[in-house]
Structures are given as structure tokens and as C-alpha cells.
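Engineer: Okay, here's the structure, questions in a sec.
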Amino acid sequence: MILDLNFEIGEDLKLILNSINELMESQWSTKKLRAVMEGNKEYVEQIWKEIIKLDILPYFSTLPLRDVVIINEFIGKKLLPGIVISSMVASRGIKNKDILNKLYSGEVKIAISDSNFVPSADQADYILVNNKLIRKENSTIQTFNSLDNSMKISKVEYNNYDNVEVNNAEIALLLASQMVGSGEEVVNMSIKYSKERIAFGKPIGSYQAIKHRVVNNAIDVELVRSLVIEASDNIKYVWLAKDLANKKIPKTIMSGIQVHGGIGFTDDIDIHLHLRRVLTLSKLYNSEINFSEFLQPI
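Letter 50 of the sequence shown, counting from 1, is numbered 50 in UniProt numbering, and no numbers are missing.
And the structure:
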């Protein structure tokens, strides 16, 4: 995280984050993500089983929303496979106990969307479109290559579905927090690179053009993060927070690519993976915002 948040999270949350970090450090990497994007499903199953063993999903239903937002922010940095992150988000959004129990046990995975274009539907057992829960076998899906091929987009057609209780606002907020995590990771990568890359005998971070760009990127990410955290306490800000994340985070990551210069546009570093992910998440759970709701008379 860009700022030191130790002052605002409790000991239980610190333990959860440490457990997730240990799991990610030992079991996951962007090298494996690249393999997943090329069609390796074994790595998806491996990390899914480890997450189920960690028993983190039941906590998502019981923790305060702010804590779940912070956890998802951390998860966003790690770029887990699309079907894994959608299943984790669904474990907070869905309120149906029978479905949740299947999810907690790892029996099913769930793809989520607010339209019939659904990332990761090809890897899901259930497909959640708003409040409609569709069994994969009761649907017809047509899958396309996507920007982020760890969560390919499928067009889903269906007739049979169950109406289930879902908090779509919470789902949107967790997706926004994952976008913030990607933005934070890219800012941290830019800071590290600007300290290490030498040009004309000095680190490029000592030049004002780079320094100002990195600082502005950090401010933009922290601006979005502040609104996401506020929305976890006041749910009426959710769609505003998601809209701001959609607008700010992809631009921040593009700016981070420019900080890295020519190498930023290659596959040698991971920035483009974050860009692919946030552009995909930015297309999900967008709500038309009535800005007049947030205006106050002078």
C-alpha cells in the first residue's frame, strides 16, 4: 500500500493479510499467470485449492466491508486468475447459503457480470448475471480471446436461472478495490525503477519530469483508494468510487508504462498484465451515476 495503513487495520486483519501474502509468495507468480493466459488450467486449480484450504472465503461474509475491501486491494496486486478472483468476490456478494457452502468447500467456482458478457464464464460452474444465477450446463457460451486471457470474455445465453439475493454494490466495490491494488503495485514498480535506472549519471527519479509523474500517479491512486474506503462505510458512494477507479486507474498504469520508457511497452515486465486486468474489470458493474445526489447547495 502506498501509505502506511498499520494505524487503521486491526490485528485480525493483519493476520489474514499475512496468511494471504505467505500463500501468494509460495504458490503464485506472474510467471504462472502468463502460463494460465496461454491455457494452463492446472495452475488455476492449484491456487484455488490452496485458497480453499486457507479458509478465507467464509471470512468474507462475516468481516466488516472495509476489511474485505482492504483484502481485495491486496489481492488485486497479486493478479490471481480471473475465475479465482470472481469466485472470491462472489463469496461476499452472494447471500444464498446453499451456494455459499458449495463455494466455501471449493465445489464450485462462480463467474460474475452485470451483463451477458461474462469474464471467466468458460471456467465457471455457476454464472452470476446481476441477481440471476445460471448453471453452466443450462447456458450456451461463446468464448472470445480478451485483453486478459486469464479471464476470457464469453457471451452467455440462457433461459433457466434462479433469482438469488445478491449485493451488487458490494461486488462493484470489491472490483474497484482490486483495481486500486493494481494501481498501487504499478506505482511501487515505477518508484523502484526510477531509483534504479541510471541516465546521464543519475537515477531517472531525480529528474523532475519523472518525479512529478510518479507523484501524480501516487496521488491519483490514493484519491481513488480514499473514495473506495469511504464507500465501504457509506454504500451510497459505491458507484462513484467504481466510476472514479474506471477513469483513473488505467490512466495511472499507462503513465507507469511511460515511466519505464521503452521497456515499459514490452512483455519483459508485468505492468501490461495490470493494465489488461484493470481494463477488463473497468467494464464490469458500471452504474449510471446521478451526480446531483452528491451536490450540496451553496
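Every residue, glycine too, gets a C-beta built ideally from N, C-alpha and C.
Between the segment 143-157 and the segment 173-191, do three or more beta carbon pairs fall short of 8 Å?
Structural biologist: Taking 8 Å as the limit for Cβ pairs, the verdict is that the segment 173-191 does not touch the segment 143-157.
Engineer: Excluding the 5 residues preceding and the 5 following Gln142 in the sequence, name in chain order all residues of the same chain whose CB lies nearer than 7 Å to its CB.
Structural biologist: The residues are Ser154 and Lys155.
Engineer: Name the DSSP beta bridge partners of residue 302, please?
Structural biologist: Any answer about residue 302 is impossible in this case: the structure gives the chain only from 1 up to 298.
Engineer: Assuming contact is defined by CB atoms lying nearer than 9 Å, are Gly82 and Lys152 in contact in what I supplied?
Structural biologist: Yes.
Engineer: Which of helix, strand or coil does DSSP assign to Thr143?
Structural biologist: Thr143: strand per DSSP, three-state reduction.
Engineer: Measure from the alpha carbon of Asn217 to the alpha carbon of each residue in Gly256, Ala241 and Asp233, then state which is nearest.
Structural biologist: Closest option to Asn217, Cα to Cα, is Gly256.
Engineer: What is the rounded straight-line gap between the Cα of Lys211 and the Cα of Ser194?
Structural biologist: Cα to Cα, Lys211 sits roughly 8 Å from Ser194.
Engineer: Which residue from Val68, Leu57, Leu54 and Lys78 puts its Cα closest to that of Trp28?
Structural biologist: Looking at the Cα atoms, Lys78 is the closest of the given residues.
Engineer: Are the CB atoms of Val89 and Ile56 nearer to each other than 9 Å?
Structural biologist: Taking 9 Å as the Cβ cut-off, Val89 and Ile56 do not qualify as a contacting pair.
Engineer: Just how far apart, CA to CA, sit Lys32 and Glu157?
Structural biologist: Cα to Cα, Lys32 sits roughly 31 Å from Glu157.
Engineer: Once DSSP output is grouped into helix, strand and coil, what is the label at Tyr126?
Structural biologist: In the structure shown, Tyr126 sits in a strand (DSSP, three-state: E or B).
Engineer: Would you identify the three-state DSSP class for Glu45, choosing helix, strand or coil?
Structural biologist: Three-state result, Glu45: helix.
Engineer: Out of curiosity, what's the CA-to-CA distance linking Pro58 and Ile191?
Structural biologist: When rounded, the distance between both Cα atoms is 36 Å.
Engineer: Should Phe74 be labelled buried (16 or more other beta-carbon atoms within 10 Å of its own) or exposed?
Structural biologist: Answer is buried; the Cβ neighbour count reaches 16.
Engineer: Can you find at least 3 beta carbon pairs, one from the segment 267-284 and one from the segment 242-255, that sit closer than 8 Å?
Structural biologist: Yes, since at least three Cβ pairs between the segment 267-284 and the segment 242-255 fall closer than 8 Å, the two stretches touch.
Engineer: Where residue 366 and Ser226 are concerned, what is the direct C-alpha to C-alpha distance, given to the nearest angstrom?
Structural biologist: Within the shown structure, residues of the chain are numbered from 1 to 298, placing residue 366 beyond reach of any answer.
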